[in-house]
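What follows is a set of notes on a single structure, which appears directly below.
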Amino acid sequence: MAKLHSYLSFENAKESMEYYKDVFGATLLERMKMDANMAKEWGVTTDNLEDTTIHGGFVVLGNTIFCSDRFGEGEPFSSSVTLMLDFNSEDAEEVAALETLYKNVTESGVEIIDPLKEQFWGGRMGIIKDKYGLTWMFHAQPYSRFAK
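Plus 1059 on top of the position in the sequence shown (first one is 1) and you've got the numbering used here.
In C-alpha cells form, the structure reads like this:
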C-alpha cells in the first residue's frame, strides 16, 4: 500500500536536518549529497558539494519527513504549509510524548502561534512556527471516537 510523506525543500537541508534532530528529537535517515556530475548537469554552482542534499529525511515520533535543498528554486515556507502531529489523547504514553515534544520545541525559541490547550471539539491543540517558517500543529484527540 502506498504511504503519504511530507517532502520539504530547504535552503540548507543538512543544517535543517540537524535542527530537527536537536529540537524535535528527530532520528536522521540517510542524506545523499550532490556529486560533481549532477551539479554540472543541473547547473548548480557551489564551492562545497559536501554540504548539499539531493535527498534526505528524518523521523519525528515515527513519522518520516523527506527533504532536499532548494538549489535556488522554490519558495520559502508560508502559513499555507502545515504539518500536524496527531496523538491519541486516550493513551498516556502518547500524551506524555506530546507534552515532552511540545515543551522541548517551545523552549527552543520558536514562534508560538497558539499555545497547547484544550479545544472546544474535545481535543488539545497547539501551533508553532519553527525557525524555517514551517508551521507545526500539535494535536491530541480521543481515537476511540473513530473506532468502527
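Where is the CB? At the ideal position from N, CA and C, for every residue including glycine.
Across the structure, VAL1103 and VAL1119 are spaced so that their CA atoms are roughly 30 Å apart. Counting other Cβ atoms within 10 Å of its Cβ, PHE1179 stays below 16 and is therefore classed as exposed. Rounded to whole angstroms, ASP1106 and ALA1098 show a C-alpha spacing of 11 Å.
Shown here for ASP1110: same chain residues with a beta carbon closer than 6 Å to its own, the five before and five after excluded, namely LYS1073 in chain order.
In the DSSP assignment, the residues bridged to ILE1186 are ASP1173, MET1196. As for any beta strand (DSSP E) of minimum length 3 sitting wholly inside the stretch 1102-1141, the runs are 1115-1119, 1122-1128, ordered along the chain. Apart from the 5 residues on each side of it in sequence, ARG1090 sits with its Cβ closer than 6 Å to the Cβ of THR1112, GLY1115 in its chain, given in chain order.
Take the alpha-carbon of GLU1100 and the one of LEU1067: they are about 22 Å apart. In the DSSP secondary-structure assignment, ASN1096 is not bridged to any residue. Sorting PHE1205, ALA1199, LEU1063, PHE1069 by C-alpha distance to the C-alpha of GLY1133 places PHE1069 at the top. Annotation for PHE1069: the continuous beta strand (DSSP E) segment containing it runs 1065-1069. Under DSSP, the beta-bridge partners assigned to PHE1146 are ALA1199.
CA-CA distance, PHE1146 to ALA1095, rounds to 43 Å. With 16 or more other CB atoms across the displayed protein chains lying within 10 angstroms of its CB, LEU1193 is buried.
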